[in-house]
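Below you'll find the structure, written out as structure tokens, and then a few comments.
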Amino acid sequence: MPDGGIGAPTKRREDTRFLTGRGKYTDDFTPQNTSYCAFARSQVANGKIKSIDTSAAAAMPGVLAIFTGEDFVEVGGNPAGWAIVSRDGEPMKEPKRPVLAHGKVRHVGDAYAAVIADTLEEAMDAVEAIEADIEELDAVVDMASAVANSGTLVHDEIGTNTCFDWGWIEDNRAATDEAIKKAPHVTTLELINNRLVPNALEPRCSIGEYDPGTGDYKLTTTSQNPHLSRLLISAFVLGIPENKLTVLAPDVGGGFGSKIYHYGEEALVLAAAKKLGRPVKWTATRTEAFLSDAHGRDHVTKIELACEKDGTFIAFRTETMANVGAYLSNFSTATPTFLHGTLMAGNYTVPNVYVNVKAVFTNTAPVDAYRGAGRPEATYSLERVIDKCARELGMDPVEIRRKNFIKKDQYPYASAAGLEYDSGNYDALMDGLEKTADFAGFEARRAESAKQGKLRGLGINAYIEACGIAPSNLVGILGARVGLYDAATVRVNPTGNISVMVGAHSHGQGHETAFPQIVADMLGVDPETIDIVHGDTSKIPFGMGTYGSRSLAVCGSAVFRATEKIIVKATAIAAHMLEDEPDNIDFSDGVFSIAGTNKSVGFGDVALKAYIPHEYPIEGLEPGLEETAFYDPANFTYPSGAYASEVEVDPETGKVTICSMVALDDFGVVVNPMIVTGQVEGGLAQGIGQALLENSVYDDNGQLLSGSLMDYAMPRADDLPSFVVDHSHATRCNHNPIGSKGCGEAGAIGSPPTIVNAVVDALARGGHDVDHIDMPVSPSRVWAAMNK
Amino acid sequence: MPKVTMNINGRARSTEVENRTLLSTALREKLHLTGTHIGCDTSQCGACVVHVNGKAVKSCAVFAVELDGATIDTIEGQAAPDGSLNVIQQAFKDHHGLQCGFCTPGMVMSAAALLKDNPKPNEAEIRDYLEGNICRCTGYQGIVNAIMAASGQAVPAIAAE
Amino acid sequence: MYDFDLVIPSSVADAASAMKADGAQALGGGQTLLPTMKQRLAAPEVLVKLSDLAEMVGVSAASGILRVGGATTHAQVAEEGAAYPALAALAGNIGDPAVRNRGTIGGSIANNDPAACYPAGALGSGATIITDRREIAADDFFTDLFETALDEGEIITAVNFPIPDAANYQKFDQPASRFALVGVFVARFGDAVRVAVTGASNGGVFRWSVAEEALSADFSASAVEGLAVNAGDMISDLHGSAAYRAHLIGVLTRRAVQSC
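Protein chains in written order, with this note's numbering: chain S, 8 to 795; chain P, 19 to 179; chain Y, 43 to 302.
What follows is the structure, given as structure tokens:
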């Protein structure tokens, strides 16, 4: 194996450009003759557009064009990517999501007009001069009242605010109800999974270009998923043929889900570029990001856990209302259903699981997948109710979990929520956690905290998630309207260095470093001779993008398969060069050889032969050395973990300080442990942010109260402890060729219940009768809970 | 339009600006130094931190026109002329102090300012100093480790698996 | 942002005459004003830059007074305010390091943000705000949220802080903005104690006179035990209820006294 193959903590090659200010993010591009776009956005949450007078704005200096919803009536809308069927067999309600609002505005920030001008300031001046007569209507904000349909509708034409009413698994409903009715013990918990704003540090930005000479369009955009944007723009929104549209996603400053989706602003700059024959650029302000990026989470849930007196689980039953906001964002219907309901068995051998999810339209920004997407919601509900149950039964929270864990010899395990877990060892993770987090020393630390007047608590959590989202056949049955494979082309150039075109997009995940480690490992070549090409639909075969912790498990596997094909062909060429049969050729460390002889040829010579095919068996073998693979896995991957945290609560102020955070994860085979550790640490910060700080709050009129970083609390360095991250307790994923499970979302899934469990534990040990506090567990909420 | 001349990364640079042109805008759009990033509009995120006359400043919260004659250091001037990374940049690379890279220029410039005032900060001092720099990717662990390492303090290495 | 005319005066006198222009607005460090202008929520026609006026920059201590020039940055006060440690500590915990390198005391006090730290320091110290035309006692200066006794065009040239025998500022952060959710400044001058509270009240910074009386009689944390401000006057928002803020005032006051 060469240095820097699978398992090496290779330093990231992309860092050099980022550290020297030479990264190239979308806003860093300003093509010649660029014009600038600014949007007129609704100030009200729900309103009837009576008229929009753009004449004064159009006459202002520098203004080139103004668009309103009228201009897009003839084109399509931005579709939902996942069709959900309600319990009664009815398809979900799918109101059109237009490029610009038409007829009604449906949330604060809903764009109803766009101005293109020579400069951004001129465009912004003209936006202020647009005279829009918008009659404010009552807003639908609270989900319970939205579901009641007693007043206003977000979309009049569908006659309801309920998008769907979904049961999973509907056939299990009666048995689950019956089991709960008969159970010796039932723990019930009502909770809110707080609404979050992803807040990737780079705001969204899109540049549209059109070449009238060729009819070609180019969209440079902040996307996790450039092929999906191209597909949606082509097939659903603008009808631009895919072969005439290139979508580029250059360096992207974080996504966390919010940049998976196609947004109306992307279509707008393309349409405007065509009309004007000039590049059109739009860059979101942070304020626009708060108002118009897809938000995350936002569930209101009641969960019941039924068990024997000894803590053996009998049933989990969940009723959830999931906010989808004013319009269906691309994966908004998959997130609260198949990414949530299917995980509601957790790590446990529970026989009965039933989940009911009502998706609800409200006059708020669209809600869609945000790091973890449905799985944090599932884990939080389960792991909170299990902790509450343990407390009610007087059991140790570790013991109750161990009692119900799926055991290591039970795989593959068909969960009661419909998934088949392929591998895992939850007891081993919990064993490791007890040691690493030093449970034995907790009591002494608690006593020390008490001397300082602080209440100390210990919270634990066990999670499982399904990621590496695929396979297409399965998700197709479940309602997906796209495939969820990925693709890669491995191109060995004549001089032996290698370009790998991948469908996954790297925006922090380090693909440019990690993917070459796989190829180098397989080919026995120096990883420095391998480069990754991503984020350009004109260069890459196809791709389904980066989200759902899928890049390595799915796209990495495509890279693996394409490299296997390279080895097969190179072996055939080598066999010809060595005058023997391919079956007799060994390939290791970059050298093809015949066992028992001194005959060998290096990989570089084989590559050269492929492109200079003199004395070449042209009848049976094509020249060139380039292979493409589309990989569609047989199953999700199932990372799991055990987390622990100790917190101190200041009983006078309610402030929670995190003293320790220990994360043990099973990710299967780890390609680059440095990058994996970083992914977990970032996820932990976001999960802790959700648990303690972050909250997207609308008032009753649909105004976003937490609409800037002055009111939306992002985790800062001094809010967080040093993390302990360990991924040594690994069980191999046994259905993809690398053996890896996804790692991108784990930290954000496992940490919120850990923290809340720790806070509740601290309060309980301090003598406070508090069994739950909703996130974010802010000082004021803790204080209120202690003083209720 | 007023003209300002600033010494940027050791070189005199002149550009015409409007009074309302922010330093960040002047750097990015007039002088094509796009390493300085804009992540917010309330001066909270710190992606735009540069040094003005040796002090860390949020370049999105100062007008370029105020800075005629000032010395400005940006991320583009941190590496040696041959491209080799300075000690802070190298430590960020060695300790995985960045992921998407968007906050990184501001982080590196803030770290440089910290180490100038406090050459051996402890972990709490580092975390406190970074109050005005938001990173959404790393959870700050790699950044804190990098700054510790850049100041010559021991940081655990990540092992191969 | 709307464009504006910029005046860079070379003296306070020049600045004062520039401030007579219609729509003129003083520009200190700009750390609040610029974000406001970016959002197009402020549209001054003329900005008069005060931040580099030499006669308005500096920290000096004499005769029991710490004098801080109106254009002195928070960073400089933190660094050079050793004669009044509680004030230096307050300045060193405003915003973040980059903000402290630009933001000025004059800008902060003139803005009188109800969650800002300096108004508590000034009111708690019984400071005197010195302008280009008069001296104003802190007790008369902070009139309401974002309102002060300053007249149109009046410039804060310095703030004189009497240095107390003991003082301490306790700030409880609003987690997003890192302004004060509640901040309490306690200063003891002999037997006389001043307690100023920021972040909490619908009326902006205020003196908690009941606590002052109790502490003047007995300067100990237990003296304020059981005292409470009227929650009805407190701010209630997504970061904390009025009752919570009222409660925090008591906690922070006791902690400030203990730390004196």
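Even for Gly, the Cβ is constructed at its ideal location relative to N, Cα and C.
(request) Taking E659 of chain S as the query, report the chain Y residues whose CB atoms sit under 7 Å from its CB, ordered along the chain. (result) The residue given as residue 659 of chain S occupies position 652 in the first sequence. Scanning chain Y for C-beta atoms nearer than 7 Å to the C-beta of E659 of chain S yields V293, reported in chain order.
(request) Note down, in chain order, each residue of its chain lying with its Cβ closer than 6 Å to the Cβ of T544 of chain S, except the 5 sequence neighbours on either side. (result) Sequence index remark: in the first sequence, residue 544 of chain S carries index 537 (1-based). Cβ neighbours of T544 of chain S within its own chain (closer than 6 Å, five residues either side excluded): P233, H234, R237, T253 and V254.
(request) Kindly list, in the order they appear in chain Y, the residues whose Cβ is closer than 8 Å to that of R38 of chain P. (result) By 1-based counting over the second sequence, the position of residue 38 of chain P is 20. Residues of chain Y passing the Cβ test: M43, Y44, D45, F46 and M79.
(request) Can you give me the start and stop residues for the alpha helix (DSSP H) that G54 of chain S sits inside? (result) If you number the first sequence from 1, residue 54 of chain S lands on position 47. Segment G54 to D60 is the beta strand (DSSP E) holding G54 of chain S; no alpha helix (DSSP H) there.
(message) Considering only the alpha carbon of each residue, which of Y:Q216, Y:T190, Y:G195 and Y:V239 lies closest to N210 of chain Y?
(response) Here residue 210 of chain Y refers to the residue found at position 168 when the third sequence is read from its first residue. Nearest to N210 of chain Y by C-alpha distance, out of Y:Q216, Y:T190, Y:G195 and Y:V239, is Y:V239.
(message) By the DSSP assignment, the beta strand (DSSP E) with A649 of chain S in it spans what residues?
(response) As a first step, residue 649 of chain S is located in the first sequence; it is residue number 642 there, counting from the start. Unbroken beta strand (DSSP E) run through A649 of chain S: S647 to V656.
(request) Please name the residues in the region 544 to 566 of chain S whose beta-carbon is closer than 7 Å to at least one beta-carbon of chain Y, in chain order. (result) Listed by position along the chain: nothing, the set is empty.
(request) Go ahead and label F368 of chain S buried or exposed: buried means 16 or more other beta carbons lie within 10 angstroms of its beta carbon, across all protein chains shown. (result) Mapped onto the first sequence, residue 368 of chain S falls at position 361. So F368 of chain S ends up on the buried side.
(message) Does the CB of P786 of chain S have a neighbour CB from chain Y at under 9 Å?
(response) In the first sequence, residue 786 of chain S corresponds to position 779, counting from 1. Taking Cβ atoms only, chain Y reaches closer than 9 Å to P786 of chain S, which makes this a yes.
(message) Across the region 206 to 224 of chain S and the region 151 to 166 of chain P, are there enough close Cβ pairs to call them in contact, namely three or more that are closer than 8 Å?
(response) Yes, the region 206 to 224 of chain S is in contact with the region 151 to 166 of chain P.
(request) Use the C-beta contact count for G271 of chain S: other C-beta atoms within 10 angstroms, 16 or more gives buried, fewer gives exposed. (result) Numbered from its first residue, the first sequence carries residue 271 of chain S at position 264. Flag for G271 of chain S reads buried.
(message) Is the beta carbon of T340 of chain S closer than 9 Å to that of W89 of chain S?
(response) In the first sequence, counting from the first residue as 1, residue 89 of chain S sits at position 82. In the first sequence, counting from the first residue as 1, residue 340 of chain S sits at position 333. Going by beta carbons, W89 of chain S and T340 of chain S fall inside the 9 Å limit.
(message) Looking at L69 of chain Y: is its Cβ nearer than 9 Å to the Cβ of S53 of chain Y?
(response) What you label residue 69 of chain Y is simply residue 27 of the third sequence in a count that begins at 1. What you label residue 53 of chain Y is simply residue 11 of the third sequence in a count that begins at 1. No. Outside cutoff.
(request) Report yes or no: is there a C-beta of chain Y within less than 9 Å of the C-beta of C121 of chain P? (result) Along the second sequence, one-based indexing puts residue 121 of chain P at 103. Judged by the 9 Å Cβ criterion, C121 of chain P is not in contact with chain Y.
(request) Report the residues of the region 198 to 226 of chain S with a CB closer than 9 Å to any CB of chain P, ordered along the chain. (result) Identification of residues in the region 198 to 226 of chain S having a C-beta nearer than 9 Å to some C-beta of chain P yields P205, N206, A207, L208, E209 and P210, given in sequence order.
(request) Starting from the C-beta of R249 of chain Y, find all residues in its chain whose C-beta is less than 7 Å away, skip the five residues before and the five after it, and write them out in chain order. (result) Residue mapping note: residue 249 of chain Y aligns to position 207 of the third sequence, counting from 1. Answer for R249 of chain Y: L165, R236, V237 and A238, listed in chain order.
(request) Excluding the 5 residues preceding and the 5 following A649 of chain S in the sequence, name in chain order all residues of the same chain whose CB lies nearer than 6 Å to its CB. (result) The residue given as residue 649 of chain S occupies position 642 in the first sequence. Only L436, M437, L440, A469 and L671 meet the Cβ criterion.
(request) Please classify A641 of chain S: does DSSP put it in a helix, a strand, or coil? (result) Here the question's residue 641 of chain S lines up with position 634 in the first sequence. Coil.
(request) Leaving out five residues on either side along the sequence, give the residues of the same chain with a beta carbon under 6 Å from the beta carbon of E634 of chain S. (result) For the purposes of this step, residue 634 of chain S is taken as the residue at position 627 of the first sequence. Excluding positions up to five away in sequence, the list reads V497, A569, K572 and I573.
(request) Would you check if the distance between the CB atom of A372 of chain S and the CB atom of L107 of chain S is smaller than 9 Å? (result) Sequence index remark: in the first sequence, residue 372 of chain S carries index 365 (1-based). Sequence index remark: in the first sequence, residue 107 of chain S carries index 100 (1-based). It is not a contact, given that the beta carbons lie outside the stated cut-off.
(request) At 8 Å on the CB atoms, spell out the chain S contacts of A97 of chain P, in chain order. (result) Here the question's residue 97 of chain P lines up with position 79 in the second sequence. What A97 of chain P touches in chain S, judged by beta-carbon distance under 8 Å, is L26 and T27, going in chain order.
(request) Answer yes or no: does any C-beta atom of chain P fall closer than 9 Å to that of K91 of chain Y? (result) As a position in the third sequence, residue 91 of chain Y is number 49, starting the count at 1. True, the Cβ-Cβ gap to chain P drops below 9 Å.
(message) Starting from D47 of chain Y, trace the beta strand (DSSP E) in both directions and tell me its first and last residue.
(response) Here residue 47 of chain Y refers to the residue found at position 5 when the third sequence is read from its first residue. Counting along the chain, D47 of chain Y sits inside the beta strand (DSSP E) bounded by residues D47 to V49.
(message) On the DSSP letters alone, give me the boundaries of the alpha helix (DSSP H) that H518 of chain S sits inside.
(response) Residue mapping note: residue 518 of chain S aligns to position 511 of the first sequence, counting from 1. It spans H518 to L530 - the alpha helix (DSSP H) in which H518 of chain S sits, taken as one unbroken run.
(message) Helix, strand or coil, according to DSSP, for T23 of chain S in the structure here?
(response) Start at 1 with the first residue of the first sequence, and residue 23 of chain S comes out as number 16. Here T23 of chain S carries a helix assignment [DSSP, helix/strand/coil].
(request) Please state if the CB of S241 of chain S and the CB of G542 of chain S are separated by a distance shorter than 9 Å. (result) For the purposes of this step, residue 542 of chain S is taken as the residue at position 535 of the first sequence. For the purposes of this step, residue 241 of chain S is taken as the residue at position 234 of the first sequence. Their beta carbons are not under 9 Å apart, which means G542 of chain S does not touch S241 of chain S by this criterion.
(message) On a Cα-Cα basis, can you pick out the residue from Y:T74, Y:A58 and Y:V90 that is closest to L83 of chain Y?
(response) For the purposes of this step, residue 83 of chain Y is identified with residue 41 of the third sequence, where counting begins at 1. When each option's Cα is compared against that of L83 of chain Y, the closest is Y:T74.
(message) Is V101 of chain Y close to chain C? Criterion is C-beta to C-beta, closer than 9 Å.
(response) In the displayed structure, chain C is absent; the protein chains listed are S, P and Y.
(message) For the region 131 to 144 of chain Y, list every residue whose C-beta sits within 8 Å of some C-beta in chain P, in sequence order.
(response) The region 131 to 144 of chain Y vs chain P, Cβ under 8 Å: G137, D138, P139, A140, V141, N143 and R144.
(request) For H347 of chain S, collect the residues of the same chain with a Cβ closer than 6 Å to its Cβ; drop the 5 residues on either side in sequence, then sort them by chain order. (result) Translated into the one-based positions of the first sequence, residue 347 of chain S becomes position 340. For H347 of chain S, where only same-chain residues beyond five positions count, the Cβ hits under 6 Å are G381, E384 and A385.
(message) Can you check whether the C-beta of Y32 of chain S is within less than 9 Å of a C-beta belonging to chain P?
(response) For the purposes of this step, residue 32 of chain S is taken as the residue at position 25 of the first sequence. Taking CB atoms only, Y32 of chain S has a neighbour in chain P less than 9 Å away.
(message) Please tell me whether Y160 of chain Y has its Cβ less than 9 Å away from any Cβ of chain S.
(response) Residue 160 of chain Y sits at position 118 when you count from the first residue of the third sequence. Y160 of chain Y does not count as touching chain S.
(request) Label A242 of chain Y either buried or exposed according to how many other C-beta atoms from any shown protein chain fall within 10 Å of its C-beta, with 16 as the threshold for buried. (result) Looking up residue 242 of chain Y in the third sequence gives position 200. Only buried fits A242 of chain Y, as 16 or more other CB atoms lie within 10 angstroms of its CB.
(request) Report whether the distance from the Cβ of A792 of chain S to the nearest heavy atom of the ligand NAP is below 8 Å. (result) Questions concerning the ligand NAP fall outside what the structure shown contains, since it holds no ligand whatsoever.
(message) So that I know if they touch, is there some Cβ in chain P lying closer than 9 Å to that of I50 of chain Y?
(response) Position 8 of the third sequence holds residue 50 of chain Y. With 9 Å as the cut-off, I50 of chain Y counts as an interface residue toward chain P.
(request) Figure out for me which residue from S:K458, S:F643 and S:G215 has the closest Cα to the Cα of P38 of chain S. (result) One-based indexing of the first sequence puts residue 38 of chain S at position 31. Taking only the C-alpha atoms, the option nearest P38 of chain S is S:G215.
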